[in-house]
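What follows is one structure encoded as structure tokens, with my remarks underneath.
Residue numbers (our numbering), protein chains in the order written: chain A, 1 to 289; chain B, 290 to 578.
Right, dumping it as structure tokens:
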């Protein structure tokens with residue numbers, strides 16, 4: 001059998017890196033890119049990330065064996081609706097959205113039911129950069145990809161998507177979509193909001209030039225994720241607000257607790273909080289590095 | 290004139306790095322270390338960071354031309370009180386504390402007035418690590434050191450401390466102590482509290498093992514500062530609470546604003562916040578890198 005034709009809709013950091021990695025490891029044949037932004041497509045072509053492109057998703061999926069939706073979470077439903085009538089009967093579709101419940105709901109609404117050959121997925125990988133120029137082969141090496149198949153999902157389709165991610169170096173785990181959204185709200189969505197919120201608050205302070213001038217390396221690392229793509233994160237926040245908003249309020253209450261500890265000079269309580277956090281993080285990084 | 294004898298009280302990441310850097314660049318003669326933790330001192334000696342050590346600060350400062358206090362902010366007053374009667378008349382004393390107003394107040398209370406040859410200082414450098422084993426020559430290269438001399442300070446003493454920091458590669462700026470504490474509350478103390486608070490909250494969640502398992506690189510960078518020394522940060526929080534607590538509450542209010550934007554589906558407002566933050570951070574890192 002020929003190597004499968006891959007169609008990547010949304011050729012940015014994630015879509016581009018998947019295309020590069022799949023090609024480099026000989027997992028796919030022709031790679032067709034699609035985007036609303038023809039500049040990105042031309043760049044992807046020039047970089048050899050894709051073999052050709054289409055600006056319309058309906059045309060892009062023609063003849064594709066595997067279709068990867070790598071657009072912001074808010075655009076998934078519309079794209080699915082547009083490609084659905086044009087998919088090959090054997091084509092498998094997956095996505096890389098950072099929210100899974102909302103993507104599944106959008107697809108269900110767009111086409112009436114979750115298609116058996118649609119496998120929702122999310123690679124836990126990325127950088128603060130965006131766009132195809134930032135994409136690279138190797139982004140997924142050793143990282144986790146979470147697949148969240150639903151009862152309607154065809155196990156053979158899930159296996160194909162699993163093979164793609166395993167092939168580009170990721171460890172694949174399956175998880176309930178709602179669980180995925182809760183875990184990611186805690187480890188990714190909330191931290192992004194904190195980083196964005198902090199940088200924005202400081203930037204709006206009158207003396208922000210001086211403030212940023214005296215920021216050290218810790219601040220640069222802490223705020224790195226605030227350089228992420230605003231459209232992508234707007235969509236994530238809107239589509240996972242059910243999980244994020246309660247966590248955000250819980251965290252604000254934690255901060256109020258820390259403020260009261262400070263006001264009342266409770267050094268022991270502060271020390272306990274900091275020591276517990278340090279121990280948890282040291283344990284976590286030990287397991288990862 | 291012989292090269293000055295340096296006494297470093299608190300031979301950890303900062304004290305150790307200053308000793309290594311000053312020695313490597315030929316700025317000092319003998320280096321005497323002092324610490325409550327004799328294990329650290331033995332390690333510092335074995336690593337060649339110091340030439341000899343004393344466990345009592347009174348003895349350590351004997352004959353020293355330059356004394357650097359590199360202990361947690363809460364210990365500065367007591368140390369100053371103990372060394373004051375034993376300092377050479379020409380000795381210059383500086384500190385590296387992350388809070389300046391409280392250190393100056395402590396020294397004033399300890400000895401009745403701020404000595405003319407005490408120059409409060411703070412190198413804006415460090416890592417999440419602590420202890421002399423993590424110290425290295427070069428930590429201060431290209432970084433800022435803020436000196437906050439008070440009206441009582443002898444300009445010649447300030448110049449000597451400035452020369453030390455310039456000699457180890459730092460850019461030295463002078464600033465009002467209160468201003469320093471406000472700027473650092475925003476760029477360093479608040480971020481540390483957010484990182485500690487987030488990791489602690491997640492670690493206390495029942496499913497924390499799974500949560501940390503699916504954390505990506507962004508989370509690792511964001512929480513790096515939560516691996517910092519809990520005693521040091523307890524002291525900073527207690528001694529700069531006047532600046533930190535209002536900022537912490539202001540930030541909690543920002544989070545509530547973001548939560549409401551999400552609840553009410555205000556995508557445009559979220560996008561504006563994220564885009565403003567991204568622009569500010571990209572501008573700031575462009576200037577730094």
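Backbone N, C-alpha and C define an ideal beta-carbon position, used for all residues, glycine too.
Remember, it's a predicted structure, so these values are computed and weren't measured experimentally.
For residue 410 of chain B against residue 362 of chain B, the beta-carbon gap comes to about 13 Å, at or over 8 Å, which does not count as contact. Minimum Cα-Cα distance from residue 51 of chain A among the listed residues A:41, A:138, A:68 corresponds to A:41. Between residue 421 of chain B and residue 333 of chain B the beta-carbon gap is near 5 Å, inside 8 Å, which marks them as a contact. Distance check between residue 524 of chain B and each of A:227, A:231, A:209, A:268 places A:268 closest, using alpha-carbon atoms only. Counting along the chain, the unbroken beta strand (DSSP E) around residue 122 of chain A starts and ends at 121–124.
In the three-state scheme derived from DSSP, where H, G and I count as helix and E and B as strand, residue 172 of chain A is classed as strand.
Sixteen is the threshold: since fewer than 16 other Cβ atoms of the shown chains lie within 10 Å of the Cβ of residue 2 of chain A, the residue is exposed.
Residues of chain A with a Cβ closer than 7 Å to the Cβ of residue 433 of chain B are, in chain order, 214. Beta-bridge partners assigned by DSSP to residue 94 of chain A: A:68, A:119. Residue range 52–54 is occupied by the beta strand (DSSP E) that includes residue 53 of chain A.
Rounded to the nearest angstrom, the gap between the Cα atoms of residue 353 of chain B and residue 374 of chain B is 13 Å. Check the Cα spacing between residue 178 of chain A and each of A:241, A:92, A:139, A:250: the tightest is with A:241. About 7 Å separates the Cβ atoms of residue 6 of chain A and residue 68 of chain A, confirming a contact at the 8 Å cut-off. Counting other Cβ atoms within 10 Å of its Cβ, residue 505 of chain B reaches 16 or more and is therefore classed as buried.
Counting of Cβ neighbours within 10 angstroms places residue 493 of chain B among the exposed residues, the total staying below 16.
Scanning B:378, B:336, B:522 for the CA closest to the CA of residue 425 of chain B turns up B:336. Boundaries of the alpha helix (DSSP H) harbouring residue 101 of chain A: 101–111, taken from the DSSP string. Counting the other Cβ atoms within 10 Å of the Cβ of residue 95 of chain A gives 16 or more, which makes it buried. Using a C-beta cut-off of 8 Å, the region 532–544 of chain B makes no contact with the region 501–516 of chain B, since fewer than three inter-stretch Cβ pairs fall below that distance. CA-to-CA, the gap between residue 302 of chain B and residue 417 of chain B works out to about 9 Å. Measuring C-alpha to C-alpha distances from residue 364 of chain B to each of B:386, B:379, B:551 identifies B:386 as the nearest. In the structure shown, residue 403 of chain B adopts coil according to DSSP, grouped into three states. Counting the other Cβ atoms within 10 Å of the Cβ of residue 447 of chain B gives 16 or more, which makes it buried. Contact between residue 517 of chain B and residue 481 of chain B holds, since their C-beta atoms are separated by about 6 Å, short of 8 Å.
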